[in-house]
Amino acid sequence: MAEGEGGSFRPHHRSSKKAVGRAHLWFQRNESKLLATDIVCIILLFFLQLFPSTFQFLVQENVNAIQIAALMLVSPIALSVVWKGIVPIVICVLGIVLIHNSVILPYYSQPQPGEASFGDVKFTWTLYTPMAVSMGAGMNFLLGVSMVVFSIIIAYRPSLLFTRNRPESVDSEWLKYPLWQDNTLLADGRTEYSVPIKRLMTDQDRYVLWRYEYILASIYGTPHLVRPEGYVPKYSTSIYRDQESGRIIGKARYNGFFV
2 MAEGEGGSFR
12 PHHRSSKKAV
22 GRAHLWFQRN
32 ESKLLATDIV
42 CIILLFFLQL
52 FPSTFQFLVQ
62 ENVNAIQIAA
72 LMLVSPIALS
82 VVWKGIVPIV
92 ICVLGIVLIH
102 NSVILPYYSQ
112 PQPGEASFGD
122 VKFTWTLYTP
132 MAVSMGAGMN
142 FLLGVSMVVF
152 SIIIAYRPSL
162 LFTRNRPESV
172 DSEWLKYPLW
182 QDNTLLADGR
192 TEYSVPIKRL
202 MTDQDRYVLW
212 RYEYILASIY
222 GTPHLVRPEG
232 YVPKYSTSIY
242 RDQESGRIIG
252 KARYNGFFV
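Reading the sequence shown from the start, the letters are residues 2 to 260 in our numbering.
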């Protein structure tokens, strides 16, 4: 019974993984379209917030029409960042709530009289005046749009938030080198005898090879990053070494090892 249940669970688990992978791939391929849709939705939300009198006919037909329209406009914005991590999602959701509230606030805040008594003295005032509602809606809208834009920047262009002269990451040094794909086809169509790159190392090199994620080697005169289990042309490959220690140079697999 347990085996049957486990067997039925695995295909379902695999299918869900494939579905998530396909969805993630679709988001990656349509990033530019999602960003363009976000811009259009924000512009339309500006019209909903700045010109409420234009949409009074919707309120007369259905009091929830503006609210539904606002939800339809903010949904694509949330969809565009939902796959980018928890931080942009939280910031975007907070911004969307502020935008949605600012759009519907003018339709649900009617002027109301207020009164308070202190002994024989009475104070009267008007709640939700058009000026107060307009100012509150405008502030909420600008704050919400700012948070949405901030979440989009975090999701798609976090480098815009980096300060000048920001120290580069440890991995940035290795980005300038191409990865070797075990391809030994020469320019004229001939193939060259290839061997595991371990064959070009000493016993001491192979002893510390577990520290390396990639080995820096010159292949056909061009520096490449080679996997420790990779194959390279035997007669056209040379491994880069430190001039003082003689150790091979490469990208460390674990932080804290100087290689």
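Every residue gets a Cβ at the ideal spot worked out from N, C-alpha and C, and that includes glycine. Just so we're clear, the structure is a prediction, and the values are computed from it rather than from any experiment.
Presumed contact (8 Å Cβ cut-off) between residue i and residue j, rounded CB distance
{"i": "serine 103", "j": "glycine 145", "result": "6 Å"}
{"i": "leucine 226", "j": "tyrosine 178", "result": "5 Å"}
{"i": "valine 134", "j": "proline 107", "result": "6 Å"}
{"i": "lysine 85", "j": "alanine 156", "result": "4 Å"}
{"i": "tyrosine 241", "j": "alanine 218", "result": "6 Å"}
Beta-ladder partner(s) of residue i, from DSSP
{"i": "leucine 217", "result": "Leu226"}
{"i": "alanine 253", "result": "Tyr213"}
{"i": "isoleucine 240", "result": "Ala218"}
{"i": "tyrosine 232", "result": "Pro197"}
{"i": "phenylalanine 28", "result": "In DSSP, phenylalanine 28 forms no bridge with anything."}
Range covered by the beta strand (DSSP E) that runs through residue i
{"i": "valine 91", "result": "Looking at the DSSP string, valine 91 is not in any beta strand (DSSP E); the run it does join, the alpha helix (DSSP H), is 87-109."}
{"i": "serine 246", "result": "Careful: serine 246 lies outside any beta strand (DSSP E) and carries neither H nor E."}
Beta-carbon proximity check, residue i vs residue j, cutoff 8 Å
{"i": "isoleucine 220", "j": "serine 237", "result": "yes"}
{"i": "isoleucine 92", "j": "alanine 71", "result": "no"}
{"i": "glycine 251", "j": "isoleucine 216", "result": "yes"}
{"i": "glycine 231", "j": "tryptophan 181", "result": "yes"}
{"i": "isoleucine 249", "j": "aspartate 206", "result": "yes"}
{"i": "leucine 74", "j": "methionine 148", "result": "no"}
{"i": "threonine 38", "j": "proline 89", "result": "no"}
{"i": "leucine 161", "j": "isoleucine 154", "result": "yes"}
{"i": "arginine 212", "j": "alanine 253", "result": "yes"}
{"i": "phenylalanine 142", "j": "glutamine 50", "result": "yes"}
{"i": "methionine 67", "j": "alanine 79", "result": "Here the sequence assigns isoleucine to residue 67, which means methionine is not the residue at that position. For isoleucine 67 and alanine 79, no; Cβs fall outside 8 Å."}
{"i": "glutamate 193", "j": "proline 234", "result": "yes"}
Host alpha helix (DSSP H) of residue i (start-end)
{"i": "tyrosine 208", "result": "204-208"}
{"i": "proline 131", "result": "131-157"}
{"i": "proline 179", "result": "Premise fails: proline 179 is in no alpha helix (DSSP H) and is neither H nor E."}
{"i": "aspartate 39", "result": "32-51"}
{"i": "serine 76", "result": "66-82"}
Proximity test, Cβ basis, 8 Å: residue i and chain B
{"i": "proline 107", "result": "No chain B appears in this structure, which consists of one protein chain only."}
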